[in-house]
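S.K.: Residue numbers (my numbering), protein chains in the order written: chain A, 2 to 449; chain B, 949 to 1576; chain C, 3 to 161; chain D, 52 to 158. Built from N, CA and C at the ideal position, the CB exists for glycine as well. Everything numeric in this text was worked out from a predicted model, so none of it was measured.
1. Give me the residue from A:238, A:416, A:59 and A:173 with the minimum Cα distance to residue 137 (chain A).
2. Would a C-beta distance cut-off of 8 Å place residue 1274 (chain B) and residue 1169 (chain B) closer than the cut-off?
3. Given a cut-off of 8 Å on the beta-carbon distance, is the pair residue 1464 (chain B) and residue 1518 (chain B) in contact?
4. What three-state label does DSSP hand residue 47 (chain A) in the structure shown?
5. If you follow the alpha helix (DSSP H) that residue 1306 (chain B) is part of, which residue opens it and which one closes it?
6. Pick out the complete alpha helix (DSSP H) segments inside the region 1085–1138 of chain B, 4 residues or longer, and give them in chain order.
7. Using a beta-carbon distance below 8 Å, is residue 1488 (chain B) in contact with chain C?
8. In chain D, what lies closer than 7 Å to residue 163 (chain A) by C-beta?
9. Is residue 1533 (chain B) close to chain A? Criterion is C-beta to C-beta, closer than 8 Å.
10. Does DSSP classify residue 126 (chain D) as helix, strand or coil?
11. Mapping DSSP to helix, strand and coil, what is residue 1204 (chain B)?
12. What are the boundary residues of the beta strand (DSSP E) that residue 1441 (chain B) is part of?
13. Taking the alpha carbon of residue 385 (chain A) as the point to measure from, which residue in A:153, A:86, A:167 and A:419 has its own alpha carbon closest?
14. Just mark residue 975 (chain B) as buried or exposed, buried being the case when its beta carbon has 16 or more other beta carbons within 10 Å.
15. Quick check for students: name the residue ranges of the alpha helix (DSSP H) that lie wholly in the region 100–153 of chain A, counting only runs of 4 or more.
16. Could you give the distance in angstroms between the alpha-carbon of residue 1336 (chain B) and the alpha-carbon of residue 1261 (chain B)?
17. Please state the DSSP three-state secondary structure of residue 127 (chain C).
18. Name the one or two DSSP bridge partners that residue 363 (chain A) has.
19. In whole angstroms, give me the CA-to-CA distance for residue 994 (chain B) and residue 1002 (chain B).
20. Exposed or buried, residue 111 (chain C), counting other C-beta atoms within 10 Å across all chains shown (16 or more means buried)?
21. Classify residue 302 (chain A) as helix, strand or coil using the three-state DSSP reduction.
22. With a threshold of 16 other CB atoms inside 10 Å of the CB of residue 345 (chain A), please say whether the residue is buried or exposed.
23. Alpha carbon to alpha carbon, how far is residue 319 (chain A) from residue 1058 (chain B)? Give it in angstroms, no decimals.
24. Using the Cα positions of residue 1033 (chain B) and residue 412 (chain A), report the straight-line distance between them to the nearest angstrom.
25. Judging by CA-CA distance, which residue of A:202, A:47 and A:74 is the nearest neighbour of residue 63 (chain A)?
26. Strictly under 8 Å for the Cβ-Cβ distance: is residue 34 (chain C) near chain B by that measure?
27. Classify residue 1413 (chain B): buried if its beta carbon has 16 or more other beta carbons within 10 angstroms, exposed otherwise.
28. Under DSSP, the beta strand (DSSP E) around residue 1350 (chain B) begins and ends at which residues?
29. DSSP on residue 72 (chain A), reduced to helix/strand/coil?
30. Do residue 196 (chain A) and residue 375 (chain A) come within 8 Å of each other at the CB atom, strictly closer than that value?
31. With DSSP run on the structure shown, which of helix, strand or coil describes residue 146 (chain C)?
32. For residue 42 (chain C), tell me which candidate among C:16, C:54 and C:81 has the shortest Cα-Cα distance.
33. Mind reading off the beta-carbon distance from residue 174 (chain A) to residue 272 (chain A)? Whole number of angstroms is fine, and I expect it under 8 Å.
34. What would DSSP say about residue 65 (chain D), mapped onto helix, strand or coil?
35. Is it buried or exposed for residue 474 (chain A), if we count other Cβ within 10 angstroms and need 16 for buried?
36. According to a CB-to-CB cut-off of less than 8 Å, which residues of the region 376–410 of chain A neighbour chain C?
Written out as structure tokens, the structure reads:
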């Protein structure tokens, strides 16, 4: 199990991205007996969803509804998972697609690691934990987070001081300081890109002065603060550990703004902000919660009712443009707001904590990954209006936020659609003896 | 101190149980005295051998179990190691390799729930590990071999509804090589999309889109399309639905009495419901509807604009110089403000597509008739989708005038006072909430979507319906296209308002799930279902009321001591294994396979009667005393 | 009670939520008393009233039922379970058993704090109460079995 | 505890060399981390305190103190106790001898 590389035999489908869309697509295909290779660039599958506190509009615990899919994919006999593995590019040739991958060293032999965290306990170095959006601390070698899959330690070479304490602590001698980056190629019948989205920088609008205050936070940071096992165990202001008494949400802080290069709507911010405000009203019952918005886009199933509930709970919704945010004394923040419903009257308002709804932006570069231009919004192009998960390359499909910002439900539906298109594509190319599109590829074997 | 009344199920006459205690390289053995656990476990009746290993999950650890099963004639196995979520499957497989039924295995969690949770109390942790092992051993005495449940699967799908969702789902399944029957109650396929002209955001025409979907269906001989046909009766369950289809009521009137389609039976494995939506029909007087002929719903306007010719748009012989669009008609309704629907509820949901539709049509009208003044009355502009925001931007640039109202104070439509037939009066919140009057020649109501009235189908298929009257999925994220009825799937706007691209994605997602269900000649189900012991069932019938899954418990006529009796019987195709029926059975005739009450009782007995620890002489061979 | 008294506590934990929640406590290396014994169950609705009362009669001092709450993956099960627990509590009250010995609560897969709070609270309460009155519990258990039969229209005693 | 073999030592050496070539040196950051962590631990010795109080006592910025407390909570060397106005208080779970092995955090 040392060798993380796939066997040379081809797979039916390579799914790129182990977030909720990738997991769903992989499961839909594997359950039809296709051999699937799922590659994930992070050290655990689960994507953004596994880091969320709760999900709108049902307010279920996000971890509780992500882990069953993670676990199902992880234990599926037809799915092989490679974590810490990045897509370099897909090379389409007549009848096949060659997927070029790069596996980053984790300095741990996953075949030997038993996820016991003894190395983590022995490690003397801590750095800001990326899973906790920098708010918590992580050791230089650690299991990425509590419900990570695989439950294997990963060493961060940027922070490791190479003291060897982990090697001494490891009961299975699994640590490999000589592990190297590996590049390899997989032949795939079809490819599904479920690479998700990124978020534009908090400091994109200079007038918001995000770099000057730790109390201007990202929605993902607030998700971690709200999570049952978050970095502080409760919601506190990052600057000084104060229980915030007044929290502002600024919507469209990175979207619907031509000057930021994101003219489109990021589609999820209204709802997650409402949800976060609702969760805050439970976590901080006395807090004053205000959402500054342009339009509330509660368009999905059950969303409008959720929004109306939030209003009924006493969350303030103010239609207005936040012109600037200034740090003031006591780590507070002053917001200059143009109140649209009061004829553009300008008011200064003070808050302890401000959450900026960043814009959702592409992470995959279609030009690099596929050799095709991106759509005007930067995401993958959708050339076919009937087969909406098709890309410009035959046999390469896409789903979820790789095709533009999307909430969890819509991502899951698209993932199913991409799996269906891929299955049709494979069936059309299958030999007559397996007309139903049954896989001829050998089942994958190793989890990494 | 066991005082159990539990009777052995039908465990082995002489259990030979192997107990394996994992040290997990110190993770367990640094806290739990694993040697003592193993030595003490050997004292529990039924235990034939007990062993310690540094890594039970390793290949040598697994091989040891398989060898012991063969050489030591073990007939049950316990492994005490990490959480069952990590390695229960591993050891079931190892037990199977040794030649035993994989369910003759019990997993004990002494890492996450013992050594890692009680590191400050090694003695207590060791005692607890022994207790949990004793519970497992006691349970295994009552455990029987289990087999996966296999049901025959009819590898054919029924798609109900021939709109774009149904067409797409059927085309996908056929394209994958599966048999599909598509039934449509009207005479044509394409549904509501046939009424549209140009579609956003690609600005393509509706007709070619429907044609492409239709071509896809025609290309596959595996698709049978039955128009003017409806579902008349349904019975069965996942993999085995028997569906009777017949002529749609309107068509039946036209056809002769002896319609050959009457009572046609189909056997299918899965059913996709793609029955679509209806447009909201405004009440008389709602925004002046039916009081002023110049107030029309969106579909009518789409047709009007598509057919318009000449220099000006005309409505009922009058030029339309001032055109208005009213958002949220029949959507985002508020109790006490809007009149309730026939069922007493208001449509409090957002219909998702009307904002972009309104702006799309407003721009189309403006482009076609540049001198026309266009007004837009909204609460929020919800152009959320890919390419949708562009319509909003362009509408602003094109000089369309926007007004914003609050849902609890909607605009009023009244006879015009400035030479136009009507005018809209509202408090505009883009200008301090001042009252404005907009004279109009025509007002288009951006009507929302409402669920199709398909009460008949809902009751035939026992479909769950949500508070918004749309069909309800099991879980919006875990299982978004599945219903609580196993094997019945949802596609498109029968479930919720959706745009065209979203409808197509939803249809394909449903098709993917159908393809999974139809992947094999048999449906394989986990064995953890309820089972009735006919010897014990006295026919009291109390279990039926407990079962929330229609058809999972069925009545079966039989004999008991010469008298007729109606017993309960489980249909494993429909049972989900929740156990609600088990708790009320007065004779313990029903049990959950793999989780029987006797097994639980035995585990409690095991916890309470576990032997005291017997110190092992050579304790913790691997441990070096580290704690963490 | 003497300070070294350790009540025998049974935790019934659902596969979907509470059992992984208890695992998460261990994964975080947080501690709780070792007299807490966790059994995993698909859904605690499977247990009849007599199971709980019989367990008390056998010497289990407290039972904590940790479920998924309203996130229950099975339809209509949670209200049934909570009504049943209520009924058992009523029986316990009437029969002289302290009602603190039985509690129903929801634990999610990452609800570490909630799990610790629940098990510690029950442990503290039971330490104050002392061992369960097994004879009283046995009487309630027999009554519950008879009631189960009567509810089904059968004679109270099996023939 | 297992000792480092020659092979381990060689691999560690190559790892260090390779990283040096790439220009990375986390040594400084690690030293700063240890110094700060010590300052927070010693400030906590005076008894439970809020983040601003610990910041004054340790000379560190408040946000750094909070970040260290997050790490200490995670690895079991600090815990939240009572709340003082708008600020929760934290206490050390280390024994007076400051045993290096982290003790469990109690809820």
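M.R.: In short, the structure shows the following:
1. For residue 137 (chain A), the closest of A:238, A:416, A:59 and A:173 by C-alpha to C-alpha distance is A:238.
2. Taking 8 Å as the Cβ cut-off, residue 1274 (chain B) and residue 1169 (chain B) do not qualify as a contacting pair.
3. Not in contact: residue 1464 (chain B) and residue 1518 (chain B) (Cβ atoms no closer than 8 Å).
4. Residue 47 (chain A): coil per DSSP, three-state reduction.
5. Residues 1302–1316.
6. Counting whole runs of 4 or more residues, the region 1085–1138 of chain B contains the alpha helix (DSSP H) stretches 1112–1123.
7. Cβ-Cβ to chain C under 8 Å: yes for residue 1488 (chain B).
8. Simply 63, 66 and 67.
9. Not flagged as an interface residue toward chain A: residue 1533 (chain B), since no C-beta distance is shorter than 8 Å.
10. DSSP places residue 126 (chain D) in coil when its eight states are reduced to three.
11. Low per-residue confidence applies at residue 1204 (chain B): pLDDT is 45, beneath 50, and the placement is therefore not dependable enough to give any value.
12. Note, residue 1441 (chain B): premise wrong, no beta strand (DSSP E); not H, not E.
13. Closest option to residue 385 (chain A), Cα to Cα, is A:419.
14. It counts as buried.
15. Listed in chain order, they are 119–123.
16. Spanning the two alpha carbons is a distance of roughly 25 Å.
17. DSSP places residue 127 (chain C) in the helix class (H, G or I) of the three-state scheme.
18. Paired residues: A:198.
19. Taking C-alpha positions only, residue 994 (chain B) is separated from residue 1002 (chain B) by approximately 24 Å.
20. Buried: at least 16 other Cβ atoms inside 10 Å.
21. In the displayed model, residue 302 (chain A) falls within coil according to three-state DSSP, outside both helix and strand.
22. Flag for residue 345 (chain A) reads exposed.
23. C-alpha separation (whole angstroms): 53 Å.
24. Approximately 27 Å, taken between the alpha carbons.
25. Distances from the alpha-carbon of residue 63 (chain A) to those of A:202, A:47 and A:74 put A:47 closest.
26. Residue-level contact check: residue 34 (chain C) touches chain B, since one or more beta carbons of chain B fall below 8 Å from its beta carbon.
27. Result: exposed.
28. Residue 1350 (chain B) -> beta strand (DSSP E) spans 1349–1352.
29. It is helical.
30. Between residue 375 (chain A) and residue 196 (chain A), the C-beta gap is not smaller than 8 Å, which leaves the two residues out of contact.
31. Helix.
32. Its Cα nearest to that of residue 42 (chain C), the residue C:16 stands out among C:16, C:54 and C:81.
33. Incorrect: roughly 48 Å between the Cβ atoms, too far for contact.
34. In this structure, residue 65 (chain D) counts as helix in the three-state DSSP scheme.
35. Residue 474 (chain A) cannot be examined here, being either before or after the span of chain A that is shown, 2 to 449.
36. Result list empty, no residue passes.
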